[in-house]
Amino acid sequence: MKTNMKPLPYEWLLEVINISTLPTVIVDQEGLVYYLNKAYCDILSVNLDDAIGQPVQEIIENSRMHIVAKTGKEELEDIQPINGTVMIANRYPLIIKGELVGAVGTVMFPNPDDLRQYKNKVQQLIEELKHTRTNTIKDLNSNYTFQDLMGSSPVFQSVKQFAEKVSGSDSSVLLTGESGTGKELFAHAIHNSSLRDKYPFIPVNCASIPADLLESELFGYEDGAFTGAKKGGKKGLFEIANHGTVFLDEIGDMPFSMQSKLLRALQEREIKRVGGQNLVHVDVRIIAATNRDLEKMVEDGSFRQDLYYRLNVINIEVPPLRKRKEDIEFITNKLIKKLEGKFYRQGTSISSEVLEKFQQHSWPGNVRELENVLERTLNVLDSQTIQVEHLPLYIRDAGDVERRINKATRSERNSPDKSPIDMSPDSVQPLKETLASAEKEAIKHALSIADGNKLTAAKMLGVGKTSFYEKCKRHGIN
Ligand SMILES: Nc1ncnc2c1ncn2[C@@H]1O[C@H](COP(=O)(O)OP(=O)(O)OP(=O)(O)O)[C@@H](O)[C@H]1O
Numbered sequence: 001m002k003t004n005m006k007p008l009p010y011e012w013l014l015e016v017i018n019i020s021t022l023p024t025v026i027v028d029q030e031g032l033v034y035y036l037n038k039a040y041c042d043i044l045s046v047n048l049d050d051a052i053g054q055p056v057q058e059i060i061e062n063s064r065m066h067i068v069a070k071t072g073k074e075e076l077e078d079i080q081p082i083n084g085t086v087m088i089a090n091r092y093p094l095i096i097k098g099e100l101v102g103a104v105g106t107v108m109f110p111n112p113d114d115l116r117q118y119k120n121k122v123q124q125l126i127e128e129l130k131h132t133r134t135n136t137i138k139d140l141n142s143n144y145t146f147q148d149l150m151g152s153s154p155v156f157q158s159v160k161q162f163a164e165k166v167s168g169s170d171s172s173v174l175l176t177g178e179s180g181t182g183k184e185l186f187a188h189a190i191h192n193s194s195l196r197d198k199y200p201f202i203p204v205n206c207a208s209i210p211a212d213l214l215e216s217e218l219f220g221y222e223d224g225a226f227t228g229a230k231k232g233g234k235k236g237l238f239e240i241a242n243h244g245t246v247f248l249d250e251i252g253d254m255p256f257s258m259q260s261k262l263l264r265a266l267q268e269r270e271i272k273r274v275g276g277q278n279l280v281h282v283d284v285r286i287i288a289a290t291n292r293d294l295e296k297m298v299e300d301g302s303f304r305q306d307l308y309y310r311l312n313v314i315n316i317e318v319p320p321l322r323k324r325k326e327d328i329e330f331i332t333n334k335l336i337k338k339l340e341g342k343f344y345r346q347g348t349s350i351s352s353e354v355l356e357k358f359q360q361h362s363w364p365g366n367v368r369e370l371e372n373v374l375e376r377t378l379n380v381l382d383s384q385t386i387q388v389e390h391l392p393l394y395i396r397d398a399g400d401v402e403r404r405i406n407k408a409t410r411s412e413r414n415s416p417d418k419s420p421i422d423m424s425p426d427s428v429q430p431l432k433e434t435l436a437s438a439e440k441e442a443i444k445h446a447l448s449i450a451d452g453n454k455l456t457a458a459k460m461l462g463v464g465k466t467s468f469y470e471k472c473k474r475h476g477i478n
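Read in order, the letters of the sequence shown correspond to residues 1 to 478 in UniProt numbering.
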């Protein structure tokens, strides 16, 4: 190739090689050191004049430059320990006018601190990548907007409109309401219509992370913070969510000791990693949710009042399904449409009797329960129309229980002596046994509504998961 470039003077070339901070060595075809730049002389603590003309393997530990100068084959990213430090070596054959005349080599990380910093950086990137990957998969399944929130009743519409209105604000939101009413869906929708929508939405289930891990999950940790901690430390979810939203689900289950640390983070907008000294500024919006009565928890001292006020700047109470019965038919039809795709069906409908049963049922598991019931029904449906006999027994009984109670109350009121309640002494059981059998029935009922999911069943019953597991064990429920 012909260029107009003048050949670089020899001194210039040497200066260029010396300016480079990358330790560089040039050997001739015999593997004798032709030139060693300043960076390499420094890390080897050798004098250039003493090194020139010496076999390279005598000057540089574990060198293979003399081999490359013979084979003419480059060796890239080879591990080369020098003075007890692992370095990455790149070795290139030096070919001038088509002839192999020697080799040139460089090494990276001559300083152990550089290597450590590099490793930390890579480790952090790997952590972020893993987290992003998990969340991307999750987001693909749950990237909800307000349009996904089903419900046409005036009460639901007004809650939805209010939530939409406050999406743009940066204030904390507390979503309250029974299990399965769609609080998490609301949190997604609020984030997605806020100015933070291009940044992460990080959901954290405060009930499912063990108390002693919660702080390091939320705020991260430094290298060596505790036994088993990853080398290089780890970013917490608050740092990962920077500029986005952290959704603290089941906030009522956050351990008391953690509540004060969360409060500090919200007030100062700064977090301190576990085992760290530095404060890291974070910009996140908090959306919290619970189906527990936080006000009562504040009263009985199990939830910090100051944190409650911090979180409850905007309160959105999602109404239960039984308080918006107009929505039942609407949501049922929408869910059927959604499920038809899953079961490769078309034209499925429900009978008016089924709708009546649905209206009579109290739906303690709300939309989640309705979704489960319909999915279970469509799974086994061999006709186009869902009839009462296709429904689970406890829904078929809906209304009957209420009717029986009403009838009993009415007849008791009208003719107390003809009460339908069994008045024989044998019908009375010790209170302890009566309560135990009622508890067992309630657990079985909740489990059947929650499709066997114990965490959901525990939530619907309003008990902690440890106590729920103990109760299941006591009653022999698996
Ligand atoms: N209004 C709604 N429109 C569409 N789907 C809904 C609605 N409400 C709830 N769902 C569905 O019900 C299920 C439960 O919703 P979600 O997890 O948001 O409830 P939640 O109130 O956060 O429950 P929990 O308190 O148990 O965590 C999800 O599958 C969700 O898609």
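Yeah, the Cβ is synthetic: ideal placement off N, Cα and C, and Gly gets one too.
Residue i CB to nearest heavy atom of ligand 1 below 7 Å
i, result
"S167", "no"
"E371", "yes"
"M150", "yes"
"A289", "yes"
"E441", "no"
"I185", "It is worth fixing the name first, because residue 185 is Leu in this sequence and not Ile. Because some heavy atom of ligand 1 lies under 7 Å away, the Cβ of L185 counts as near it: yes."
"V367", "yes"
"K459", "yes"
"G180", "yes"
"D212", "no"
"G177", "yes"
"residue 479", "Here the chain comprises residues numbered 1 to 478, so residue 479 is not present and cannot be evaluated."
"D293", "no"
"D78", "no"
"residue 482", "The structure shown does not extend to residue 482, since the chain is modelled only from 1 through 478, so no value can be given for it."
"D382", "no"
"D249", "yes"
Own chain residues within Cβ distance below 8 Å of residue i, not counting five before or after
i, result
"H445", "Y394"
"K334", "M150"
"Y34", "I26, V27, D28, I52, G102"
"S20", "N37, A39"
"M327", "Looking at the sequence shown, residue 327 is not Met but Asp. Same-chain partners within the cutoff: M150, G151, S152, S153, F156, L321."
"Q267", "R310"
"I443", "A457, L461, F468, K471, C472, H475, I477"
Residues of its chain near residue i, where Cβ-Cβ distance is below 7 Å and the 5 sequence neighbours each way are ignored
i, result
"S142", "Unreliable placement is indicated for S142, whose pLDDT of 47 sits below 50; the coordinate value is still reported in the next sentence. Same-chain partners within the cutoff: H188."
"V367", "G180, T181, G182, L321, I331"
"E291", "Reading off the sequence shown, one finds Asn at residue 291, where the question assumed Glu. Cβ within range, chain order: G177, E178, S179, K459."
Proximity test, Cβ basis, 8 Å: residue i and chain D
i, result
"D283", "Protein chain content of the structure displayed is limited to a single chain, and chain D is not contained in it."
N-terminal and C-terminal residue of the alpha helix (DSSP H) that residue i is part of
i, result
"I328", "326 to 343"
"H66", "65 to 71"
"A265", "256 to 268"
"M460", "454 to 461"
"R474", "465 to 474"
"R285", "Looking at the DSSP string, R285 is not in any alpha helix (DSSP H); the run it does join, the beta strand (DSSP E), is 285 to 290."
"V56", "56 to 59"
"L48", "48 to 51"
"R304", "Per DSSP, R304 belongs to no alpha helix (DSSP H) and is neither H nor E."
"I43", "38 to 44"
"R376", "366 to 380"
"T85", "Not the alpha helix (DSSP H): T85 falls in the beta strand (DSSP E), residues 85 to 96."
Same chain, Cβ closer than 6 Å to residue i, five either side skipped, listed in chain order
i, result
"K353", "The sequence shown places Glu at residue 353, rather than the Lys named in the question. Only V388 meet the Cβ criterion."
"S362", "R322"
"P319", "V155"
"I137", "Caution applies to I137, whose pLDDT of 46 falls short of 50 and renders its modelled position unreliable; the model cannot decide the point."
"N90", "L76, T106"
"residue 481", "Outside the displayed range of the chain (1 to 478) lies residue 481, so it cannot be described from this structure."
"L22", "T106"
Where the beta strand (DSSP E) containing residue i begins and where it ends
i, result
"P81", "75 to 82"
"V166", "Per DSSP, V166 belongs to no beta strand (DSSP E); it is in the alpha helix (DSSP H), 154 to 166."
"M5", "From DSSP, M5 is part of no beta strand (DSSP E); its letter is neither H nor E."
"F201", "201 to 205"
"E99", "99 to 108"
"H281", "279 to 281"
"E317", "314 to 317"
Heavy atom of ligand 2 within 7 Å of residue i beta-carbon
i, result
"T385", "Looking at this structure, you won't find ligand 2 anywhere; what it does contain is ligand 1."
Would you be able to state if there are at least three C-beta pairs under 8 Å between the region 279 to 296 and the region 235 to 250? yes
Could you tell me whether the region 256 to 271 touches the region 303 to 314, where touching means 3 or more Cβ pairs closer than 8 Å? yes
Within the chosen definition, does the region 207 to 215 reach the region 150 to 168 through at least 3 CB pairs nearer than 8 Å? no
Does the structure place the region 367 to 385 close enough to the region 326 to 345 that three or more beta carbon pairs sit under 8 Å? yes
Would you be able to state if there are at least three C-beta pairs under 8 Å between the region 81 to 90 and the region 60 to 71? yes
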